[in-house]
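Here the structure comes first, spelled out in structure tokens, and everything after it is commentary.
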Ligand SMILES: CC(C)(COP(=O)(O)OP(=O)(O)OC[C@H]1O[C@@H](n2cnc3c(N)ncnc32)[C@H](O)[C@@H]1OP(=O)(O)O)[C@@H](O)C(=O)NCCC(=O)NCCS
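Residue numbers (our numbering): 404 to 566.
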């Protein structure tokens, strides 16, 4: 079902949002894969880390954390609460993250996603990410991950030219 009636806006993370983001991550991933508070704090402090939130009038519906070093970007996580999925929130978050990465000189973005996470794989594929290979036992508990990547060159050029 497409949930396109959900209204949301994007904004930057503020330290007061930490607890809500932690709860969303716990709801989005099973134990062992969901981040501990310590992990989440560390990711928010990664080099070039940025966190963008999507909020409805009621609550935070989702967020994305990215990081970057020189020309390489990384999607740490993207989480949308189940009741708000399929309404374009994940896509809006990712587009804004990619736009900011490109504007900061990132040319290639990487990420890992569990090989059995079909909705995420469909999401990444729709957004132009391709699979580089399998990282065996990447997740705690031994689940495998696909390493995925996308070249942002065209986006970077468009951002530089003010389009
Ligand atoms: C992956 C995730 C972020 C997508 O967020 P979302 O807000 O539902 O995504 P969108 O509504 O923008 O979907 C965009 C496209 O992704 C694909 N997609 C998203 N969810 C899908 C699903 N359940 N099944 C198949 N395709 C799906 C579709 O191509 C969709 O386009 P469409 O609506 O035109 O069919 C969300 O499902 C989520 O938070 N999952 C749990 C956490 C997670 O697994 N994160 C990624 C791990 S790396």
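Think of the CB as a built atom: it goes at the ideal place given N, C-alpha and C, for glycine as much as any other residue. In this text the structure is predicted, and so the values were computed from the model without any measurement.
At the C-beta level, residue 463 and residue 469 stay beyond 9 Å of one another.
Placement of the Cβ of residue 432 at a distance of less than 8 Å from at least one heavy atom of ligand 1 is found. DSSP places residue 493 inside the alpha helix (DSSP H), whose first and last residues are 492-506. Taking the C-beta atoms as reference points, residue 500 is found no nearer than 9 Å to residue 552. Comparing C-alpha distances from residue 508 to each of 427, 471, 489 and 543 shows the shortest one belongs to 471. Counted as a single uninterrupted DSSP element, the beta strand (DSSP E) harbouring residue 464 occupies residues 463-472.
C-alpha of residue 519 to C-alpha of residue 544: approximately 14 Å in a straight line. Set against 8 Å, the gap from the CB of residue 477 to the closest heavy atom of ligand 1 is not smaller. A direct Cα-Cα distance of roughly 14 Å separates residue 407 from residue 457.
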